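> Numbered by UniProt numbering, the letters in the sequence shown go through residues 1 to 755 in order.
The beta-carbon is built from N, C-alpha and C at its ideal position, and this holds for glycine as well.
Here the structure is a predicted model, which is why all the values come from computation and not from measurement.
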Amino acid sequence: MCSSPSLPPSADCSPEASAVDGVSGSGDRLSRALSYTRSARTEMFKRNAASRTLRARESGHLTSDSYQPTHYENTSAGVNSGNLHTEGSALTPESSYQLLCETQPKQKPVDPLTSAPYLTMVEVAIQAQDQRHSQPGVAHVPGDHRDTMELDLSISRQTKENQGHGSQLEAPQRPILSSSTAKSSASNTTDMFKQPDTNPITEDQLVNEVRMIYAGLVMVERKCCEVDKQQMESNATLTRPQWQALISLHRTLLSEHHDFFLASQHPSASPVLKQLPAKYTMPGRMWRHGIQSFLELFRRRLPESREFLLNFLYMAYSMMTLLLESVPAFRHFWIECLGELARYRIAVEPSDARERELWAGVSRHWYAEGATHSPGVGRYQYQLAVLARPDMLLQLYHYTKALVSAQPFPRASEGLKSLLYPFDQPIAPQPPSLLGLFLSVHNTLFKQRSSERLSDYLWKTTYRNLVLPMIKFLQSLQEHAQGKNWQGQMGAQIMSCNFAAVLQYGEAGTPIMKEFNQAKDLGAVEEARHYATNIWQDITSRGEISWFSVEDVVAGVPDRFSAADKQASALAFHSLSVLLDQELESSMWPSVHVSLAFIWNLALRPLGMQRVESVIPWSKLVRFLNGLTRLKTDFNKIESSRFPLEEGDMRYLQEDFVIGGQSWAHFYYPDGFFDEAPSEDERSNSPSFLHMSSRQHRCLWLGVQIAQLGLWIEYKHPRFELTKRACDLDASAVLDMPMNDGIGCPHLSNMGLCD
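1. Give the DSSP-derived three-state secondary structure of Phe673 in the structure shown.
2. Grouping DSSP H, G and I as helix and E and B as strand, with all else coil, what is Leu729?
3. Counting Cβ pairs closer than 8 Å, one from the region 576 to 587 and one from the region 481 to 492, do we hit at least three?
4. Gly506 and Leu420 - do their beta-carbons sit closer together than 7 Å?
5. On the CB-based measure, 16 or more other CB atoms within 10 Å of its CB, does Ser641 come out buried or exposed?
6. Assign Ser4 to one of two classes, buried (16 or more other C-beta atoms within 10 Å of its C-beta) or exposed (fewer than that).
7. Just to confirm the assignment, what range does the alpha helix (DSSP H) spanning Arg354 have?
8. What is the DSSP secondary structure of Phe720, counted as helix, strand or coil?
9. Excluding the five sequence neighbours on either side, which residues of its own chain have a C-beta within less than 7 Å of the C-beta of Arg529, listed in chain order?
10. Is the CB-CB distance between His593 and Met650 below 7 Å?
11. My output table needs one value for Tyr715: the three-state DSSP class, helix, strand or coil.
12. Near Leu653, which residues of its chain fall below 8 Å by C-beta distance, leaving aside the five closest residues on each side in sequence?
13. Is it buried or exposed for Pro410, if we count other Cβ within 10 angstroms and need 16 for buried?
14. Mind checking which residues open and close the alpha helix (DSSP H) that includes Gln242?
15. Relative to the alpha-carbon of Arg300, which residue among Asn465, Met470 and Met232 has its alpha-carbon at the smallest distance?
16. Where does Ser541 sit, in a helix, a strand or coil, going by DSSP?
17. Just the Cα atoms here: how many angstroms apart are Met739 and Asn465?
18. Roughly how far, in whole angstroms, is the beta-carbon of Leu702 from the beta-carbon of Arg725, given that I think they are within contact range, below 8 Å?
19. Could you check which residue in Glu682, Ala492 and Thr281 has the C-alpha nearest to that of Tyr397?
20. Is DSSP giving Thr198 helix, strand or coil here?
21. Leaving out five residues on either side along the sequence, give the residues of the same chain with a beta carbon under 7 Å from the beta carbon of Leu439.
22. Curious, which full-length alpha helix (DSSP H) runs of at least 4 residues does the region 613 to 698 contain?
23. So, under 8 Å CB-CB, Leu253 and Gly284 are touching, yes? Tell me the CB distance rounded to an integer number of Å.
24. Excluding the 5 residues flanking Tyr367 on each side, which residues of the same chain have their C-beta closer than 6 Å to its C-beta?
25. Rounded to whole angstroms, what's the CA-CA distance from Ser575 to Met470? Just pull it up for me.
26. Could you give the DSSP three-state label for Ala50: helix, strand or coil?
27. Kindly indicate which residue of Gln504, Leu607 and Arg356 has the alpha-carbon position closest to the one of Ala532.
28. Name the DSSP bridge partner or partners of Gln407?
29. Around the C-beta of Ser587, are 16 or more other C-beta atoms found within 10 angstroms, so that it is buried, or is it exposed?
30. Could you work out which residue in His666, Asp671 and Val658 is closest to Glu680 when comparing CA atoms only?
31. What residue does the alpha helix (DSSP H) around Pro271 start on, and which one ends it?
32. Between His266 and the rest of its own chain, which residues show a CB-CB distance below 7 Å, the 5 nearest in sequence each way excluded?
33. So, helix, strand or coil for Gly290, using DSSP?
34. Roughly how far, in whole angstroms, is the beta-carbon of Leu249 from the beta-carbon of Cys224, given that I think they are within contact range, below 8 Å?
35. Identify which residue in Ile638, Leu621 and Ile599 has its Cα closest to the Cα of His666.
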């Protein structure tokens, strides 16, 4: 269960600010905020297995007092992301759902805010509640198939009969779960209490309850659509009571959704009933009509709407944290909503840097939480890239991963283009930084990702904008890798960005991405290994070796490999070669782990591997692996075909969350590996020395998996050796970058192991 981070209370963002019926002094609000605990807030929302509707039904009436503003706890903190993107939200899922307000016959528009009395918007909600307990069912509204809830319960009832539970339970007096007052035990020797009596609820009662809730929800939803549309088209200034009425209306819609989720996800509900929220896209409708459209109205009316925007944000945030705890079936959606609400909070603080930084923290927390358990969702990576400012390496890493994730997010290419735009000029005469050189190289590769062959003019331009920065980057990388301040995860992120360049930044039409997408259809890794073995046998039987020279890398000779393929491959594996030169320095292990995972997964795609095999520093990899075997090693673990899972704190490595979710890592991790993954905060607090043994065995296990193909390296217990193919690749391929203007590249030739 995820807990929401807490925001230090302040005069502007105290939980008491959520009350729309008045504003008291900041000191009084602060004291109330401190006394209002999370448990109290949860108790306020808790329905005790009974919906708000039924409690009102028992009392026999509903009044507008039931919808008075409630005080909520401010459980958020954080944001530092620049201007908020206001284009269409990525949260609303694509579906066949049509806006309810657009399906109704057009009538003469009436502005409920100017008609007397303006509080009739709240009365709409009261009418919806009255309808829910005055009708046994829901009438069909012609022209709108979404006004009724269609249920086919025959399957679930038949299943219950087969299980011996088909008998009709006696209908209780109350249609929902309730508890009698606990009575004290008559025993004189103990203070034990008897178990309270409970009345079971039947499936028919749950169905009727869901239908009635949905009828009221549709009525309020339609009114919200109508009012939001009218106010977006109007420039009239709203009074304080009118803002309060709007907030009350949207709060009512959120409460109706909350009741619907609780009833449909009740433990006694049938599978058909539990599938209704997904069938009717209820999470997306709640976000779109209950929150997003209203927030856009607030944003357009800033700064006059600032106070009311804060009130609504705190209320919506509290509702989402409650749904996160009580309706876990849509956990990923609630997490993304919480991250989006935190980003909206930035728009309210355009000048307060401290407040923006606080809300940046909470937004990053939620998106990182989603990315931890769903690493293949590129949308999370895109949002993390937006929030990563001003860390440009972290931005590049998240943008590139969003493009090559298992579920890519194409809009990230626009963000990546904006990030790289300042590096569109030739390098300056003064020595640039490692990061500046790295971004300059990626800028050129990103622009040329779909080029097949370079003209003479582009050859010279590429040499100036790509080759020279690449040489200087490799020199700078070598200097930084030898320093004491080198961070292992920095190297892992650099290699991840480089491998995204090898995959042409997720460009769908490129041959290498097509092969990766086709490989997903193979299913299990054993099937992929069998497929790859057959293809490689056919390739080796023809004696085909796919080396290419640096001149090919720069000029893009006319063959089946594009210029972009060769340029990106040269960057990726020359960088790996530089890091492998650091012998067994443990800070380099995360980078090598990421690289070995990429090489093994690429080896299972033979056509893609042919594009890069000649620039992989096989001899240095063999030297590195043999160095690891000299440490304390469990050879049974590395020689097993099963993924080497560890227990406890050593189960997850930091770079697992770099590798996980990438389209090229499809066959690496076992199913469900990230289900119980620790949060980002928990990972950062784990001492790194606990993971050294796990990282060592992962690298050796990957080496054994690559050796089983018998193409480049061989494993003969307890050592690794180069194959003749790898020796031929090292001897025939020109791996050194050209020497010009006195600028050389680190030596990348083989280490004499082929003699």
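Checking against the coordinates, here is how it stands:
1. The residue labelled residue 673 in the question sits at position 673 within the sequence shown. In this structure, Phe673 counts as coil in the three-state DSSP scheme.
2. Stepping through the sequence shown from its first residue, residue 729 is reached at position 729. Helix.
3. yes
4. Working through the sequence shown from its first residue, we reach residue 420 at position 420. Working through the sequence shown from its first residue, we reach residue 506 at position 506. No; because the gap between Cβ atoms is not below 7 Å, this pair is not in contact.
5. Here residue 641 refers to the residue found at position 641 when the sequence shown is read from its first residue. When all chains shown are included, Ser641 counts as exposed.
6. Within the sequence shown, numbered from 1, the residue matching residue 4 stands at position 4. Because Ser4 sits at a pLDDT of 47, beneath the cut-off of 50, its placement in the model cannot be relied upon, and the point is left open.
7. For this step, residue 354 is matched to residue 354 along the sequence shown. Per DSSP, Arg354 belongs to the alpha helix (DSSP H) from Ala353 to His373.
8. The residue you call residue 720 lines up with position 720 of the sequence shown. Phe720 falls in the strand class under three-state DSSP.
9. Taking the first residue of the sequence shown as position 1, residue 529 is located at position 529. Within the same chain, Arg529 has close Cβ partners Leu604.
10. In the sequence shown, counting from the first residue as 1, residue 593 sits at position 593. In the sequence shown, counting from the first residue as 1, residue 650 sits at position 650. For His593 and Met650, no; Cβs fall outside 7 Å.
11. Within the sequence shown, residue 715 is the residue found at index 715, counting from 1. The answer is strand: DSSP assigns Tyr715 an E or B state.
12. Residue numbering aside, residue 653 sits at position 653 when the sequence shown is read from its first letter. Taken in chain order, the residues that qualify are Pro590, His593, His691, Ser694, Arg695 and Arg698.
13. Reading the sequence shown from its first residue, position 410 is the one you call residue 410. Classification for Pro410: exposed.
14. As a first step, residue 242 is located in the sequence shown; it is residue number 242 there, counting from the start. Looking at the DSSP string, the run of the alpha helix (DSSP H) that includes Gln242 is Arg240 to Ser264.
15. Position 300 of the sequence shown, counted from the first residue, corresponds to residue 300. When only C-alpha atoms are compared, the closest one is Met232.
16. Walking along the sequence shown from the start, residue 541 turns up at place 541. Ser541 falls in the helix class under three-state DSSP.
17. Position 739 of the sequence shown, counting from 1, holds the residue named residue 739. Position 465 of the sequence shown, counting from 1, holds the residue named residue 465. Because the pLDDT at Met739 is just 34, under 50, the model does not fix this residue reliably, and the value given afterwards should be weighed accordingly. Between the alpha carbons of Met739 and Asn465 lies a gap of roughly 16 Å.
18. Here the question's residue 702 lines up with position 702 in the sequence shown. Here the question's residue 725 lines up with position 725 in the sequence shown. Not really, about 19 Å apart at Cβ, beyond 8 Å.
19. What you label residue 397 is simply residue 397 of the sequence shown in a count that begins at 1. Nearest of Glu682, Ala492 and Thr281 to Tyr397, Cα basis: Ala492.
20. By 1-based counting over the sequence shown, the position of residue 198 is 198. Note: Thr198 maps to strand in three-state DSSP.
21. Position 439 of the sequence shown, counted from the first residue, corresponds to residue 439. Within the same chain, Leu439 has close Cβ partners Met392, Leu396, Leu420 and Phe423.
22. 618 to 629, 635 to 638, 656 to 659 and 680 to 684
23. The residue given as residue 253 occupies position 253 in the sequence shown. The residue given as residue 284 occupies position 284 in the sequence shown. Actually they do not touch by this definition, with Cβ atoms about 14 Å apart.
24. Locating residue 367 in the sequence shown gives position 367, counting from the first residue. Gly339, Tyr380, Gln383 and Leu384.
25. Here residue 575 refers to the residue found at position 575 when the sequence shown is read from its first residue. Here residue 470 refers to the residue found at position 470 when the sequence shown is read from its first residue. Those two C-alpha atoms are separated by around 10 Å.
26. On the sequence shown, residue 50 is found 50 positions in, with the first residue counted as 1. Residue confidence is low: Ala50 scores 42 on pLDDT, short of 50, so the model does not pin down where it sits. Its coordinate-derived value is still stated next. In this structure, Ala50 counts as coil in the three-state DSSP scheme.
27. Translated into positions along the sequence shown, residue 532 becomes position 532. Answer by Cα proximity: Leu607.
28. Numbered from its first residue, the sequence shown carries residue 407 at position 407. Residue pairing of Gln407 in beta bridges, as defined by DSSP: Val377.
29. Residue mapping note: residue 587 aligns to position 587 of the sequence shown, counting from 1. By the 10 Å Cβ count, Ser587 comes out buried.
30. Start at 1 with the first residue of the sequence shown, and residue 680 comes out as number 680. Here the closest residue by C-alpha is Val658.
31. Here residue 271 corresponds to residue number 271 of the sequence shown, with the count starting at 1. Pro271 to Lys274 is the extent of the alpha helix (DSSP H) around Pro271.
32. In the sequence shown, residue 266 corresponds to position 266, counting from 1. Leu206, listed in sequence order.
33. Taking the sequence shown and counting its residues from 1, the one referred to as residue 290 is at position 290. Gly290 falls in the helix class under three-state DSSP.
34. Indexing the sequence shown from 1 puts residue 249 at position 249. Indexing the sequence shown from 1 puts residue 224 at position 224. Going by Cβ atoms, the distance from Leu249 to Cys224 rounds to 6 Å, so yes, they are a contact pair.
35. The residue labelled residue 666 in the question sits at position 666 within the sequence shown. Of the candidates Ile638, Leu621 and Ile599, the one whose C-alpha sits nearest the C-alpha of His666 is Ile599.
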